[in-house]
Amino acid sequence: MKRLRLGHDWEIAFNEQRLIEFDGEEIVVRRTSDNDWIAHSRYCPHQNADLKDSQISGNVLRCPWHGLQFDLASGQNLTNQCSPLSVFDVVIEKGEVYIYALHPPSRQQIYLGRYGWDLRVGTFTSDLNEQLSVNQDYVAQTNRGAERVTILALSKNSERSLVAGRILRNISGEQRFDASVVPKTLTYLESAIGRLETGIQLIHVEKLLDGNMVAYLLGEPTRALGPLAAVATRDLERQIWFEFVNLEA
Ligand code: FES
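Heads up: the sequence shown begins at 8 in the working numbering, then just goes up one per residue.
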């Protein structure tokens, strides 16, 4: 297995962090005050925030930009909102510190795409397990929300910090599914909300460009909707949000 010798353990103080390059990836290596060693990719897989100096609590890292949390043992995002963070094993052998690839680095193909209502050009990573096609339209998450992207070319620029967003899904695949998704969600939510017996009424379901759904409700917000949103998101395989409509506004 590929490994990198970082140096003697006494060369790195408690609470110190180092930036290194390993297998083409920029990595943050930290030694905590409890003498734990942690190594992870420098950039957040969500929108490439710099994770140097980011907050760590126990085994969980919190990204400073949008607050997503990553399990440092597996790299998994705790709410599954983006691909995993690359994490690495740190092993001390006879007082020497070695970094091993624990989960493969998230080095990804970068694509050049035209996106949004103002047809900007920018670079994108992809969450899809397939090579994207040139001239094909996709939905991407950018810092303005979900936007349509037309892929123009594979990018030779591998600078992850310049990435404008990440591709979430193929638009044509989503359109094929489109006819059934709204009524299916309505039926599912109507019966699930009815079972809560809270008097809440479902009045409308809207599908967003990224394929996720917003359900508009009338009534008094209740905590029971939190678990329901999580279960519905799992069962319907898309993010479900609830929004209460204020008739007095
Ligand atoms: S860039 Fe890290 S959570 Fe958004």
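Built from N, CA and C at the ideal position, the CB exists for glycine as well.
Determine the burial state of V252: buried for a count of at least 16 other Cβ atoms within 10 Å of its Cβ, exposed for fewer.
Residue mapping note: residue 252 aligns to position 245 of the sequence shown, counting from 1. Residue environment for V252: exposed (fewer than 16 other C-beta atoms within 10 angstroms of its C-beta).
Within 10 angstroms of the Cβ of T229, are there 16 or more other Cβ atoms? Answer buried if so, exposed if not.
By 1-based counting over the sequence shown, the position of residue 229 is 222. It counts as exposed.
Kindly list the residues whose CB is nearer than 8 Å to the CB of Q182, restricted to its own chain and excluding five residues on each side of it in sequence; keep chain order.
Locating residue 182 in the sequence shown gives position 175, counting from the first residue. No answer about Q182 holds up, because its pLDDT of 49 lies below 50 and its placement is not dependable.
Please classify W72: does DSSP put it in a helix, a strand, or coil?
Residue numbering aside, residue 72 sits at position 65 when the sequence shown is read from its first letter. In this structure, DSSP gives W72 a state outside helix and strand, which the three-state scheme calls coil.
Expressed to the nearest angstrom, what Euclidean distance is found between the alpha-carbon atoms of N55 and E32?
One-based indexing of the sequence shown puts residue 55 at position 48. One-based indexing of the sequence shown puts residue 32 at position 25. N55 and E32: Cα-Cα distance of roughly 13 Å.
Does the ligand GTP have a heavy atom nearer than 7 Å to the CB of G74?
With respect to the ligand GTP, the structure shown offers nothing to examine, as its ligands consist of the ligand FES.
Per DSSP, cross-strand counterpart(s) of F249
Residue 249 sits at position 242 when you count from the first residue of the sequence shown. In the DSSP output, where bridge partners are listed per residue, F249 has A222.
Under 7 Å: does the beta carbon of N253 sit that close to some heavy atom of the ligand FES?
Within the sequence shown, residue 253 is the residue found at index 246, counting from 1. No, the beta carbon of N253 sits no closer than 7 Å to any heavy atom of the ligand FES.
Under the three-state reduction of DSSP, which class applies to D125: helix, strand or coil?
Looking up residue 125 in the sequence shown gives position 118. Here D125 sits in coil by DSSP.
Exposed or buried, Q62, counting other C-beta atoms within 10 Å across all chains shown (16 or more means buried)?
Here the question's residue 62 lines up with position 55 in the sequence shown. So Q62 counts as exposed.
Between the stretch 21-30 and the stretch 140-152, can you find at least three pairs of beta-carbon atoms closer than 8 Å?
no
Do A239 and A199 have their beta-carbon atoms positioned less than 8 Å apart in this structure?
Counted from its first residue, the sequence shown places residue 199 at position 192. Counted from its first residue, the sequence shown places residue 239 at position 232. Going by C-beta atoms, A199 is nearer than 8 Å to A239.
Can you tell which of N66, R38, T132 has the C-alpha that lies nearest to the C-alpha of D16?
Your numbering for residue 16 matches position 9 in the sequence shown. D16 has its Cα closest to that of R38, out of N66, R38, T132.
Is any non-hydrogen atom of the ligand FES found closer than 7 Å to the C-beta of V153, if you look at the structure I gave you?
Residue numbering aside, residue 153 sits at position 146 when the sequence shown is read from its first letter. Here residue 153 is Ala; the residue named in the question, Val, does not match the sequence. No, the ligand FES has no heavy atom inside 7 Å of this Cβ.
Would you mind giving the Cβ-Cβ distance between F131 and V156, rounded to the nearest angstrom? I have them listed as a contact below 8 Å.
Locating residue 131 in the sequence shown gives position 124, counting from the first residue. Locating residue 156 in the sequence shown gives position 149, counting from the first residue. With a beta-carbon spacing of about 6 Å, F131 and V156 fall inside the 8 Å limit used to define contacts.
Name the residue from R173, D60, S40, P91 whose alpha carbon lies nearest to the alpha carbon of L119.
As a working mapping, residue 119 is identified with position 112 in the sequence shown. Answer by Cα proximity: R173.
According to DSSP, is L13 helix, strand or coil?
Position 6 of the sequence shown, counted from the first residue, corresponds to residue 13. Strand at L13.
Going by C-alpha to C-alpha distance, which of K101, G82, H53 sits closest to G74?
Indexing the sequence shown from 1 puts residue 74 at position 67. Nearest option by C-alpha distance: H53.
So, under 8 Å CB-CB, V35 and K9 are touching, yes? Tell me the CB distance rounded to an integer number of Å.
On the sequence shown, position 28 is the one that residue 35 refers to. On the sequence shown, position 2 is the one that residue 9 refers to. Actually they are not in contact, since the Cβ atoms of V35 and K9 sit about 18 Å apart, beyond 8 Å.
Assign E244 to one of two classes, buried (16 or more other C-beta atoms within 10 Å of its C-beta) or exposed (fewer than that).
Locating residue 244 in the sequence shown gives position 237, where the first residue counts as 1. Answer is exposed; the Cβ neighbour count stays below 16.
Please indicate yes or no: does the CB of N55 lie closer than 7 Å to some heavy atom of the ligand FES?
Translated into positions along the sequence shown, residue 55 becomes position 48. Answer for N55: yes, Cβ within range of the ligand FES.
Could you give the distance in angstroms between the alpha-carbon of F249 and the alpha-carbon of L161?
Position 242 of the sequence shown, counted from the first residue, corresponds to residue 249. Position 154 of the sequence shown, counted from the first residue, corresponds to residue 161. So the two alpha carbons sit approximately 38 Å from each other.
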